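Engineer: Convert by adding 2 to the 1-based position in the sequence shown; the result is the number in the numbering used here.
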Amino acid sequence: MGWHTSRHSVATMLAEIGEHQLTIRDYLQHANLSVTNKYLQATPTSKRRAQNKLVEAILPGGILGHEWVRHSVQ
Numbered sequence: 003m004g005w006h007t008s009r010h011s012v013a014t015m016l017a018e019i020g021e022h023q024l025t026i027r028d029y030l031q032h033a034n035l036s037v038t039n040k041y042l043q044a045t046p047t048s049k050r051r052a053q054n055k056l057v058e059a060i061l062p063g064g065i066l067g068h069e070w071v072r073h074s075v076q
């Protein structure tokens with residue numbers, strides 16, 4: 003694996019563990035955020051986590067634990 007591929011991997015790993023994009027930009031020493039965004043990859047795990055956060059925002063407690071769902075199913 004070359005150094006360029008390693009930089010993409012590092013950027014994606016930092017994003018996966020929750021580092022802010024500006025921190026990643028500074029770590030990679032990019033002049034602007036648009037360059038850093040080219041390095042970041044959306045992984046299946048990050049997509050699933052984003053979907054779960056959206057569900058939590060819409061229905062606190064998650065879909066199965068939400069009071070509305072219990073009443074509508076009975």
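Even glycine gets a Cβ: it sits at the ideal position worked out from N, Cα and C.
Keep in mind it's a predicted model, so treat the numbers as computed, not measured.
Should the region 25-39 be regarded as contacting the region 49-60, the criterion being three or more beta carbon pairs within less than 8 Å?
Structural biologist: They do not touch, by the three-pair rule.
Engineer: Which ranges does the alpha helix (DSSP H) cover as unbroken runs of at least 4 residues, wholly within the region 7-74, from first to last along the chain?
Structural biologist: 23-30, 35-41, 46-60 and 64-67
Engineer: Kindly list the residues whose CB is nearer than 6 Å to the CB of GLN43, restricted to its own chain and excluding five residues on each side of it in sequence; keep chain order.
Structural biologist: Scanning its chain for C-beta atoms nearer than 6 Å, with the 5 sequence neighbours on each side dropped, one finds around GLN43 the residues THR14, in chain order.
Engineer: One question on the structure: do LEU16 and LEU24 come within less than 8 Å of each other, judged by their Cβ atoms?
Structural biologist: no
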